[in-house]
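**Student:** Residue numbers (the working numbering), protein chains in the order written: chain A, 124 to 688; chain B, 388 to 656; chain C, 50 to 209.
Cβ atoms here follow ideal geometry from the backbone N, Cα and C, with glycine treated the same way.
Remember, predicted model here, so these are calculated numbers, not experimental data.
Here it is, the structure in full.
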Ligand SMILES: [Cu+2]
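Written out as structure tokens, the structure reads:
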């Protein structure tokens, strides 16, 4: 039987996907064209919408938690509600927002374009991962409705085995979300391996792709352990298997090992994509090749590897054996090396670069500043003797917010502003974007700087009430959340305004040499009209032709002028 | 570089071949599609290994710390049944591999035959497992605080009457199980040490998760079988059979370790 | 009929984009299967003899040989892309890290209390993390005359 006689299985029918040369937003229309799309760009946008929604929800919980802490004693809610709210803030931000934020939205959109592919390797799996994510969200909502969880996002045993809250529904939701994350990572890894266009060698891979690759490795290797941890926790609640239960001969600290074997790499699943975005921003807005390209690429892989060796630093005061605490502390310091490689290479790139202070670049600079603070305070926590005093204080809270929010969220916002014209074909208002940036940046520091201070003075985290000497810090911190909220809403408004009323963006509005800017704005359904053949690296400004670097603003202005006349 | 005017490989896939029907639109060649699918499956296998790995980690820890419990408790598993199941799974792995081979040489009916044999073996495995499980239930060798449930048998002589599963007996919910006396697989009456519940907890979780994978694997192989009967596969395109078989081999791989770890390792009499 | 060893001589059109794989013969697969069966019989037979601490080593060596055969030939790793093997071994490597570092902590943290199952710090006699529960009602319900078995750990004395 010859191959051509075979009936169509799944099939290669361009018509069912739409015209490959039409802009991806117009290639097909109707609600079905979104719900059943296999186009990585549309899936990325759908992810973006839900991720943004999750950020809004998590943010509202954060505002409420901070508002409660504005005064001593009860301000707006009782202690139990407070416990549930900070758990929901943490769970929503970690599992619904930060983990999928950059990879599933920006990564989905740009990773295939950056390697010259028509799509990810498994488009159907990609769509499935999105629906699995939605299912996870639904289960989490169910958990919230049926009483929420008061364990914190870490579900530590033995409390999580005893509390009356709906732990099983919550862990199932997180389990499902983890599955979605695995599917995304698997897809990206295979895509980078098998879908690169001719000429996209490993040494020409954009640093964003390297970051996504490292993230995918961690998603693949760490998330399954979270899955089994949560399954065991559920089994523990159902039948009392006993592995984590000292009453049955188990060990609750073992749960922490299981949990952090996933969740420390998960921290890098959150931050490495931020770094990946940042490398792109720095290169474009300094108009030069990234200093130490290879070192930056390898430092992503280095972080991915080291991420699996340091989880024990979350257990220093949990009563781990002394030898293990020393070993994990020593290993934790190693993390400073790849992080430092990135920071120094970025600053070296900016040095003597032709810096353009566009709004995405402001975010990129803020990232370097805030991540440095977040990273250096991490050393305090990795040091055994200081960690004993700082564990479970606001110092830790401030530290990881400087990394997660000051790092990933800032890079995510910068990336959104940077790629918004490519994604939507519309240009945002730079002035408003910059106003949004400054409110965000200042607000963020006002929220979390005081938390470093009160943490180092002994204010424990997660407490509902506090002593009088901490009042001023809590007040300032709460006021900071309002400034931060203004900044974030301004940025959201800027982006939405661009979407609906923005100026049409040219092909390469920032004048970048990156591969993704070489195709149409917005890209056609097949990403490129012909499979591109790459002959230079993404940061080789000296090899890029003037046409490639042309922003196209002249043409846009001329057209606008012509319209006026 | 990415000049819009550049073309790839000068029409490599445009006129050198017709785009075969099984080739999805975003791939250039069948080889690219095949390699992507295979790599995807291997990466998926990696995730499965790490997921089961959590259980193997728990096993390593509790066995390493408390070998006596495992020595004593493993006498309650039937080596012969376990070995039978091992042979059944190995044979099903053979037939799965042969199904792929028949597909590679384009023998569709032979592929169907081997897939059916594989499915039958999977069912046989589950039947044996069912008998093993029900015997454990009967003896009350259950995980955690259900351990020592007298169930239907008088074989257990507890210090006092436990009634039903400890979990539901009231306020004293979770506590160390009783010392349990039961007849082991060698026909010997044997007292189980405290924390034998840990062994059976691990036994049920590990074999239970493995059993779930057997069920999922049966589902996948059934789907592949249907597609094969419908004639969707050929010498040129047999990827789903290959992928399905890989999943089935993974199920076998896990069992290859579960069998000695649970049934064999421990002091013989 | 079904014994052609290598239906694989297509190297002359290497870049025609069609899938070419190594195809092993049916007798070869059956041979592998027979070796696997022999190893299974061996591991069961060996389990009736006591080699002390080597028990688990022997069992794991045999199991790993079997797993290696299945992976290399039934799963085609032997003739597959190298990176597939790497991802398989990489998973095992990271699993090894997980087990090793976790085991390191638990094995160095106190001793397991033989009766209660919790852990006790040997130096201080206090409960170590993951230590025993405050009370153990079942402990008192210990049968008076529990027959001695193959060295089941017995508590030193009954608590009043
Ligand atoms: Cu950490």
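Could you give the DSSP three-state label for residue 480 of chain A: helix, strand or coil?
**Tutor:** One-based indexing of the first chain puts residue 480 of chain A at position 357. Three-state DSSP puts residue 480 of chain A in coil, outside helix and strand.
**Student:** Determine the DSSP secondary structure at residue 175 of chain C, reduced to helix, strand or coil.
**Tutor:** Taking the first residue of the third chain as position 1, residue 175 of chain C is located at position 126. Of the three classes helix, strand and coil, the one that applies to residue 175 of chain C here is coil, per DSSP.
**Student:** By DSSP, does residue 579 of chain B sit in helix, in strand, or in coil?
**Tutor:** Here residue 579 of chain B refers to the residue found at position 192 when the second chain is read from its first residue. Residue 579 of chain B: strand per DSSP, three-state reduction.
**Student:** Starting from the N-terminal side, write out each stretch of the beta strand (DSSP E) that is 3 residues or longer and does not extend beyond the stretch 478-537 of chain A.
**Tutor:** Within the stretch 478-537 of chain A, no complete beta strand (DSSP E) run reaches 3 residues.
**Student:** In terms of residue numbering, what span does the alpha helix (DSSP H) encompassing residue 92 of chain C cover?
**Tutor:** Within the third chain, residue 92 of chain C is the residue found at index 43, counting from 1. Run containing residue 92 of chain C: 75-95, per the alpha helix (DSSP H) assignment.
**Student:** What did DSSP end up calling residue 655 of chain B once you bin it into helix, strand or coil?
**Tutor:** Counting from one through the second chain, the residue named residue 655 of chain B turns up at place 268. DSSP places residue 655 of chain B in coil when its eight states are reduced to three.
**Student:** Sort out for me which residues DSSP pairs residue 627 of chain A with in a bridge.
**Tutor:** Walking along the first chain from the start, residue 627 of chain A turns up at place 504. In DSSP, residue 627 of chain A forms a bridge with A:549.
**Student:** State whether the stretch 156-168 of chain A contacts the stretch 225-243 of chain A, with contact taken as three or more CB pairs (one from each stretch) at a distance under 8 Å.
**Tutor:** The answer is yes - the stretch 225-243 of chain A touches the stretch 156-168 of chain A, with three or more Cβ pairs under 8 Å.
**Student:** How would you label residue 151 of chain C, buried or exposed, when you count the other beta carbons within 10 angstroms and need 16 or more for buried?
**Tutor:** Counting from one through the third chain, the residue named residue 151 of chain C turns up at place 102. By the neighbour-count rule (16 or more Cβ atoms within 10 Å), residue 151 of chain C is buried.
**Student:** Please report the straight-line C-alpha distance between residue 259 of chain A and residue 571 of chain B, rounded to a whole angstrom.
**Tutor:** Translated into the one-based positions of the first chain, residue 259 of chain A becomes position 136. Translated into the one-based positions of the second chain, residue 571 of chain B becomes position 184. Near 44 Å, if we compare the C-alpha coordinates of residue 571 of chain B and residue 259 of chain A.
**Student:** If you run the structure through DSSP and keep just helix, strand and coil, what is residue 454 of chain B?
**Tutor:** Along the second chain, one-based indexing puts residue 454 of chain B at 67. Helix, per DSSP.
**Student:** Measuring only the C-alpha atoms, how far is residue 89 of chain C from residue 639 of chain B?
**Tutor:** Translated into the one-based positions of the third chain, residue 89 of chain C becomes position 40. Translated into the one-based positions of the second chain, residue 639 of chain B becomes position 252. Their Cα atoms are separated by approximately 13 Å.
**Student:** Assuming contact is defined by CB atoms lying nearer than 8 Å, are residue 521 of chain A and residue 574 of chain A in contact in what I supplied?
**Tutor:** Start at 1 with the first residue of the first chain, and residue 521 of chain A comes out as number 398. Start at 1 with the first residue of the first chain, and residue 574 of chain A comes out as number 451. Cβ distance < 8 Å, so residue 521 of chain A and residue 574 of chain A count as in contact.
**Student:** Which first and last residues belong to the alpha helix (DSSP H) in which residue 266 of chain A is found?
**Tutor:** Taking the first residue of the first chain as position 1, residue 266 of chain A is located at position 143. 246-268 is the extent of the alpha helix (DSSP H) around residue 266 of chain A.
**Student:** Nearest to residue 490 of chain A by alpha carbon, out of A:515, A:409, A:532, A:383?
**Tutor:** The residue you call residue 490 of chain A lines up with position 367 of the first chain. Residue A:532 is the option with its Cα nearest to residue 490 of chain A.
**Student:** Counting Cβ pairs, one atom from each stretch, are 3 or more of them under 8 Å apart for the stretch 334-353 of chain A and the stretch 436-449 of chain B?
**Tutor:** These segments touch.
**Student:** Inspect the beta-carbon positions of residue 512 of chain A and residue 625 of chain A and report whether they are closer than 8 Å.
**Tutor:** Position 389 of the first chain, counting from 1, holds the residue named residue 512 of chain A. Position 502 of the first chain, counting from 1, holds the residue named residue 625 of chain A. For residue 512 of chain A and residue 625 of chain A, no; Cβs fall outside 8 Å.
**Student:** To be precise: take each residue of the stretch 359-380 of chain A, compare its Cβ to all Cβ atoms of chain C, and keep it if any distance is under 8 Å. Which residues remain?
**Tutor:** Answer set for the stretch 359-380 of chain A: 369, 370, 371, 372, 373, 374, 375, 376, 377, 380.
**Student:** With a cut-off of 8 Å on the beta carbons, I'd call residue 530 of chain B and residue 457 of chain B a contact; round off their distance for me.
**Tutor:** The sequence position of residue 530 of chain B within the second chain is 143, counting from 1. The sequence position of residue 457 of chain B within the second chain is 70, counting from 1. So it is not a contact: roughly 15 Å between Cβ atoms.
**Student:** Report the residue from B:464, B:620, B:628 whose alpha carbon sits nearest the alpha carbon of residue 645 of chain B.
**Tutor:** Counted from its first residue, the second chain places residue 645 of chain B at position 258. Cα-wise, what sits closest to residue 645 of chain B is B:464.
**Student:** Looking only at C-alpha atoms, which of B:654, B:649, B:655, B:653 sits nearest to residue 443 of chain B?
**Tutor:** As a working mapping, residue 443 of chain B is identified with position 56 in the second chain. Closest by alpha carbon: B:649.
**Student:** If the cut is a Cβ gap below 7 Å, which residues of chain B does residue 246 of chain A touch?
**Tutor:** One-based indexing of the first chain puts residue 246 of chain A at position 123. Neighbours of residue 246 of chain A on chain B, chain order: 413.
**Student:** In whole angstroms, what separates the C-alpha of residue 482 of chain A from that of residue 613 of chain A?
**Tutor:** Residue numbering aside, residue 482 of chain A sits at position 359 when the first chain is read from its first letter. Residue numbering aside, residue 613 of chain A sits at position 490 when the first chain is read from its first letter. For residue 482 of chain A and residue 613 of chain A, the distance between alpha carbons rounds to 13 Å.
**Student:** Using 8 Å as the threshold, is the C-beta distance between residue 538 of chain A and residue 400 of chain A below it?
**Tutor:** Counting from 1 along the first chain, the entry for residue 538 of chain A is found at position 415. Counting from 1 along the first chain, the entry for residue 400 of chain A is found at position 277. Yes, these two residues count as a Cβ contact at 8 Å.
**Student:** Does the stretch 511-520 of chain B come into contact with the stretch 596-614 of chain B, if we say contact requires no fewer than three beta-carbon pairs (one atom in each stretch) closer than 8 Å?
**Tutor:** Touching, yes, given that three or more Cβ pairs across the two stretches are closer than 8 Å.
**Student:** Check whether the Cβ of residue 139 of chain C lies closer than 8 Å to any Cβ atom in chain B.
**Tutor:** Working through the third chain from its first residue, we reach residue 139 of chain C at position 90. Residue 139 of chain C counts as touching chain B.
**Student:** Starting from residue 473 of chain B, trace the alpha helix (DSSP H) both ways and give me its first and last residue.
**Tutor:** Working through the second chain from its first residue, we reach residue 473 of chain B at position 86. Looking at the DSSP string, the run of the alpha helix (DSSP H) that includes residue 473 of chain B is 466-491.
**Student:** Are residue 375 of chain A and residue 280 of chain A close, meaning C-beta to C-beta below 8 Å?
**Tutor:** By 1-based counting over the first chain, the position of residue 375 of chain A is 252. By 1-based counting over the first chain, the position of residue 280 of chain A is 157. Yes; because the gap between Cβ atoms is below 8 Å, this pair is in contact.
**Student:** Ends of the alpha helix (DSSP H) at residue 386 of chain A?
**Tutor:** Mapped onto the first chain, residue 386 of chain A falls at position 263. 375-409 is the extent of the alpha helix (DSSP H) around residue 386 of chain A.
**Student:** With H, G and I counted as helix, E and B as strand and the rest as coil, what does DSSP make of residue 329 of chain A?
**Tutor:** Here the question's residue 329 of chain A lines up with position 206 in the first chain. It is coil, neither helix nor strand.
**Student:** Check whether the stretch 200-215 of chain A touches the stretch 274-288 of chain A, taking contact to mean three or more Cβ pairs, one atom from each stretch, closer than 8 Å.
**Tutor:** Judged by Cβ distances under 8 Å, the stretch 200-215 of chain A makes contact with the stretch 274-288 of chain A, as three or more pairs qualify.
**Student:** Give the interface partners of residue 337 of chain A over in chain B, defined as CB-CB distance under 8 Å, in chain order.
**Tutor:** Looking up residue 337 of chain A in the first chain gives position 214. Correct list: empty, because the minimum Cβ distance to chain B is about 14 Å.
**Student:** If we call anything under 8 Å between Cβ atoms a contact, is residue 453 of chain B one with residue 577 of chain B?
**Tutor:** Stepping through the second chain from its first residue, residue 453 of chain B is reached at position 66. Stepping through the second chain from its first residue, residue 577 of chain B is reached at position 190. Their beta carbons are not under 8 Å apart, which means residue 453 of chain B does not touch residue 577 of chain B by this criterion.
**Student:** Would DSSP call residue 584 of chain A helix, strand or coil?
**Tutor:** One-based indexing of the first chain puts residue 584 of chain A at position 461. In the structure shown, residue 584 of chain A sits in coil (DSSP, three-state: anything other than H, G, I, E or B).
**Student:** Are there any heavy atoms of ligand 1 lying less than 7 Å away from the beta-carbon of residue 380 of chain A, as far as the coordinates show?
**Tutor:** If you number the first chain from 1, residue 380 of chain A lands on position 257. Residue 380 of chain A Cβ: outside cutoff for every heavy atom of ligand 1.
**Student:** Any beta-carbon of chain A closer than 8 Å to the one on residue 134 of chain C?
**Tutor:** The residue labelled residue 134 of chain C in the question sits at position 85 within the third chain. No, no contact with chain A.
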